[in-house]
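So the structure is just underneath, and the comments pick up after that.
What follows is the structure, encoded as structure tokens:
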């Protein structure tokens with residue numbers, strides 16, 4: 240059974256810092272990995288999708304990497320801003336099966 | 021930009037009552053998912069549809085939950101009777117893929133259910 244773990248559970252940093260969020264998964268036979276953002280009480284917004292054949296994806300100040308063999312992904316946020324404060328979730332998918340989510344990292348950027 | 025629509029956004033119901041949620045996926049998306057997210061946790065899949073057929077409902081509490089997607093477009097998730105432990109966010113998502121897992125899942129805004 241696939242298990243996804245996100246560390247840390249919560250993170251608070253000053254504005255302007257670069258930061259890394261971690262995601263690990265137990266079954267490396269994945270189809271893709273997706274990073275989401277969730278604001279309090281809201282739905283999920285997809286940030287980046289990495290196919291199993293890819294090593295990384297970039298969107299603006301966000302960069303996600305994937306090391307399938309070691310079961311790890313990182314989300315790098317450059318020059319953090321207060322508007323980046325949210326919960327970040329990673330999820331892995333195997334074939335046509337469901338997404339399996341981690342519990343998320345709650346990020347707070349302090350002005 | 022096309023979005024997944026859900027209603028209602030918020031629902032408060034008493035224990036033992038029936039409650040229903042509605043989802044309209046992005047036009048043309050064959051796959052529809054219902055997830056439940058308990059506060060502080062990641063979403064967990066309840067049911068997955070491919071067109072009008074159920075692909076995975078292994079985590080759906082079938083004694084009280086039911087889901088349908090009669091015409092392969094919009095979907096309804098029902099709980100009867102509701103229990104205190106059903107309080108959660110119910111998220112609907114859709115994806116355009118038919119057979120593979122290569123596409124993104126797009127999520128709606130969710131329905132926040134509170135059972136009293």
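Chains as they are written, first to last, in the numbering used here: chain V, 240 to 350; chain E, 21 to 136.
All C-beta atoms, glycine included, are put in the ideal place defined by N, C-alpha and C.
Residue 68(E): first and last residue of the uninterrupted beta strand (DSSP E) it sits in: To locate residue 68(E), count along the second chain from 1; it is residue 48. Taken as a continuous stretch (DSSP letters only), the beta strand (DSSP E) holding residue 68(E) covers 64-70.
CA nearest to the CA of residue 133(E), picked from 116(E), 108(E), 115(E): For the purposes of this step, residue 133(E) is taken as residue 113 along the second chain, with counting starting at 1. If we check each option's Cα against that of residue 133(E), 108(E) comes out closest.
Counted within 10 angstroms of its Cβ, other Cβ atoms place residue 106(E) as buried (16 or more) or exposed: Counted from its first residue, the second chain places residue 106(E) at position 86. It is buried - the Cβ of residue 106(E) has at least 16 other Cβ atoms within 10 Å.
Contacts that residue 129(E) makes with chain C (C-beta to C-beta distance below 9 Å): Among the protein chains of the structure shown, namely V and E, there is no chain C.
Three CB pairs or more closer than 8 Å across the region 335-349 of chain V and the region 86-95 of chain E: no
Separation of residue 276(V) from residue 320(V), as counted between CA atoms: Locating residue 320(V) in the first chain gives position 81, counting from the first residue. Locating residue 276(V) in the first chain gives position 37, counting from the first residue. For residue 320(V) and residue 276(V), the distance between alpha carbons rounds to 14 Å.
With 16 other Cβ atoms within 10 Å as the buried cut-off, status of residue 165(E): Any answer about residue 165(E) is impossible in this case: the structure gives chain E only from 21 up to 136.
Local Cβ density within 10 Å of residue 22(E), reported as buried at 16 or more and exposed below that: Your numbering for residue 22(E) matches position 2 in the second chain. Exposed: under 16 other Cβ atoms inside 10 Å.
Residue 42(E) Cβ short of 7 Å to the ligand HEM heavy atom set: Among the ligands in the structure shown, none appear at all, so the ligand HEM cannot be discussed.
CB-CB length for residue 53(E) against residue 100(E), believed under 8 Å: Taking the first residue of the second chain as position 1, residue 53(E) is located at position 33. Taking the first residue of the second chain as position 1, residue 100(E) is located at position 80. Rounded, the Cβ-Cβ distance is 21 Å, inconsistent with contact.
For residue 132(E): DSSP bridge partner residues: Walking along the second chain from the start, residue 132(E) turns up at place 112. Residue 132(E) is bridged to 30(E), 109(E).
Cβ-based burial, residue 38(E) [other Cβ within 10 Å; buried from 16]: As a working note, residue 38(E) is residue 18 in the second chain. The residue is exposed, with fewer than 16 neighbouring Cβ atoms inside 10 Å.
Own chain partners of residue 240(V) with C-beta closer than 6 Å, once the 5 adjacent residues on each side are dropped: In the first chain, counting from the first residue as 1, residue 240(V) sits at position 1. Counting only Cβ-Cβ distances below 6 Å, and skipping sequence neighbours, we find nothing.
Chain V residues whose Cβ lies nearer than 8 Å to that of residue 72(E): As a first step, residue 72(E) must be located in the second chain, where it is residue number 52. Here the premise fails: no neighbours, minimum Cβ distance about 16 Å.
Under 9 Å from the C-beta of residue 342(V): neighbouring residues of chain E: Here residue 342(V) refers to the residue found at position 103 of the first chain. Those are 60, 61, 62, listed as they occur along chain E.
Residue 120(E), DSSP secondary structure in three states: Sequence index remark: in the second chain, residue 120(E) carries index 100 (1-based). Because the pLDDT of residue 120(E) is 49, which lies under 50, any placement of that residue in the model is unreliable, and the number read from its coordinates should be weighed accordingly. In this structure, residue 120(E) counts as coil in the three-state DSSP scheme.
Contact with chain E by residue 337(V), beta-carbon distance below 8 Å: In the first chain, counting from the first residue as 1, residue 337(V) sits at position 98. Interface residue, yes.
Host beta strand (DSSP E) of residue 259(V) (start-end): Here residue 259(V) is taken as the residue at index 20 of the first chain, counted from 1. Note, residue 259(V): beta strand (DSSP E), 258-264.
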